[in-house]
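Reviewing the structure listed below.
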Amino acid sequence: MFELKLEKSWYDAMYRRSSVRTYTGAPDKEQLDRLGVLCRKASWQGVTIRMFKGPGLKNQIKGTDVYAVIIAKQNAPAEMEGFMGEALVLEATAMGLGTCWLGAGFHRDVVSRNVNLQNDERINCVISIGKCEPKAFNPKRRELEKICGKTEEQLAAIGAWQKEAVMAARIAPSAVNMQPWKITADGSSVTIEEPQFVLYKKYAALDRGIAMLHAAVGAHHVGREASWKKVDGGYAMRA
Ligand SMILES: Cc1cc2nc3c(=O)[nH]c(=O)nc-3n(C[C@H](O)[C@H](O)[C@H](O)COP(=O)(O)O)c2cc1C
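Residues in the sequence shown are numbered from 9 upward in steps of one, following our numbering.
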């Protein structure tokens, strides 16, 4: 589960990415071809990612009509949608493109028709993609200690991969920036679980999958390969 070949360039991309809602144009053909390769790689384990150009995005998104649709089998965990979708986001970011996860910002009827959505499939989100002006990286996130109860130094004392994994998960994007995760790190694992109180539950599992991909990319940066195990309310990673 949650197996995907991670790219080294995704680490820098995580620390550069922020949501883009106004674009300067659609990706060009070469860029679309490269994104298509990633879509094929990330389309498995119950998730398919398909790219479209044309109507489908609501008009809060300006300057591009290109988007990726995350289609999931009804029995796939929502974390998988976040995990695979964020791989596309980081690949696009590494290519210098802008992206925005959209749970509400797309026309569901148009998109469902475009993908010929089947009864055993669901769509929670699409991702807009386009060319953009460079944006300052300044993510507004809860403090590290509030998320995992540890400082950066304390995490480093536990282990390099645990520190990288937690720091990377912390800056993951989430719906309405709710950051619905409680992260714990010890000598053998990093666990990402739902906190006791989540105001906005609809995307909490999908958001968790995004944070999981970030954690895996963080650990990969220091030479570790992540594997995930389901635990109560979330997933635990070993690397
Ligand atoms: C599952 C999900 C759904 C989202 N839906 C929307 C949306 O419908 N409209 C929108 O403008 N932004 C949407 N966002 C973007 C978040 O608002 C954004 O990621 C968050 O505020 C953090 O900001 P950042 O991505 O710039 O770091 C969504 C993000 C996620 C992960």
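Just so it is clear, CB atoms sit at the ideal spot from N, CA and C, and this is done for glycine as well.
Identify whether V206 lies in helix, strand or coil by the three-state DSSP scheme. Reading the sequence shown from its first residue, position 198 is the one you call residue 206. V206 sits in coil when the DSSP states are folded into three classes, being neither helix nor strand.
Under 6 Å Cβ to Cβ from L98, same chain only, skipping five residues before and after it: list those, please. Within the sequence shown, the letter at position 90 stands for residue 98. For L98, where only same-chain residues beyond five positions count, the Cβ hits under 6 Å are W18 and A21.
In terms of alpha-carbon separation, which member of K190, S136, K154 and G157 lies closest to F60? The sequence position of residue 60 within the sequence shown is 52, counting from 1. Nearest neighbour of F60 by Cα position, chosen from K190, S136, K154 and G157, turns out to be S136.
I'd like the ranges of any alpha helix (DSSP H) spanning at least 4 consecutive residues and lying wholly in the region 173-233. Segments of the alpha helix (DSSP H) lying fully in the region 173-233: 212-229.
Kindly list the residues whose CB is nearer than 7 Å to the CB of V119, restricted to its own chain and excluding five residues on each side of it in sequence; keep chain order. As a working note, residue 119 is residue 111 in the sequence shown. Excluding residues within five positions, the ones whose Cβ falls inside 7 Å are G64, V77, I131 and V134.
Tell me, which residues are paired with A80 by DSSP? Within the sequence shown, the letter at position 72 stands for residue 80. A80 is bridged by DSSP to V55 and R130.
Which of the three DSSP states, helix, strand or coil, is assigned to M245? Position 237 of the sequence shown, counted from the first residue, corresponds to residue 245. Reduced to three states, the DSSP call for M245 is strand.
Name the one or two DSSP bridge partners that I155 has. If you number the sequence shown from 1, residue 155 lands on position 147. Its beta-bridge partners do not exist; DSSP assigns none.
Could you give the residue range of the alpha helix (DSSP H) that holds V45? Within the sequence shown, the letter at position 37 stands for residue 45. Taken as a continuous stretch (DSSP letters only), the alpha helix (DSSP H) holding V45 covers K37 to A50.
Let me confirm a value: R116 is counted as buried when at least 16 other C-beta atoms fall within 10 Å, else exposed. Which label applies? Taking the sequence shown and counting its residues from 1, one reaches residue 116 at position 108. Classification of R116: exposed, given that the 10 Å Cβ count is below 16.
Would you mind working out which of A84, R149 and Y75 sits nearest N185, comparing C-alpha positions? As a first step, residue 185 is located in the sequence shown; it is residue number 177 there, counting from the start. Among A84, R149 and Y75, the Cα nearest to that of N185 is on R149.
For ligand 1, which residues have a Cβ under 6 Å from at least one heavy atom, in chain order? Near ligand 1, residues with a Cβ at less than 6 Å from any of the ligand's heavy atoms are S26, S27, R29, Q68, C108, W109, L110, G111, A112, G113, C133, P147, P181, S182, A183, V184, N185, Y211, L214, D215 and I218; the list follows chain order.
Tell me the DSSP bridge mates of G106? For the purposes of this step, residue 106 is taken as residue 98 along the sequence shown, with counting starting at 1. Its beta-bridge partners are G138.
May I ask you to report which of helix, strand or coil DSSP gives G33? In the sequence shown, the residue the question calls residue 33 occupies position 25. Residue state, collapsed to three classes: strand.
Counterpart residues of S235 in DSSP-defined beta bridges: Stepping through the sequence shown from its first residue, residue 235 is reached at position 227. Looking at the DSSP assignment, S235 forms a beta bridge with R246.
Examine the Cβ distances between the region 157-172 and the region 227-238 and report whether three or more of them are shorter than 8 Å. Yes, they touch.
Which residue wins for smallest C-alpha separation from A183, given the options K13, S27 and E15? For this step, residue 183 is matched to residue 175 along the sequence shown. For A183, the nearest C-alpha among the options comes from S27.
Hey, out of K81, G71, V198 and V55, whose CA is closest to M62's CA? In the sequence shown, residue 62 corresponds to position 54, counting from 1. The sequence given here places Gly at residue 62; Met does not occur at that position. It is G71.
Inter-residue spacing [alpha-carbon to alpha-carbon] between L40 and S196: Within the sequence shown, residue 40 is the residue found at index 32, counting from 1. Within the sequence shown, residue 196 is the residue found at index 188, counting from 1. So the two alpha carbons sit approximately 39 Å from each other.
Across which residues does DSSP place V74 in a beta bridge pair? Locating residue 74 in the sequence shown gives position 66, counting from the first residue. The partner list for V74 (beta bridge, DSSP) reads K61 and I137.
Given this structure, state the Cα-to-Cα distance separating E201 from N127, to the nearest angstrom. As a working mapping, residue 201 is identified with position 193 in the sequence shown. As a working mapping, residue 127 is identified with position 119 in the sequence shown. About 29 Å.
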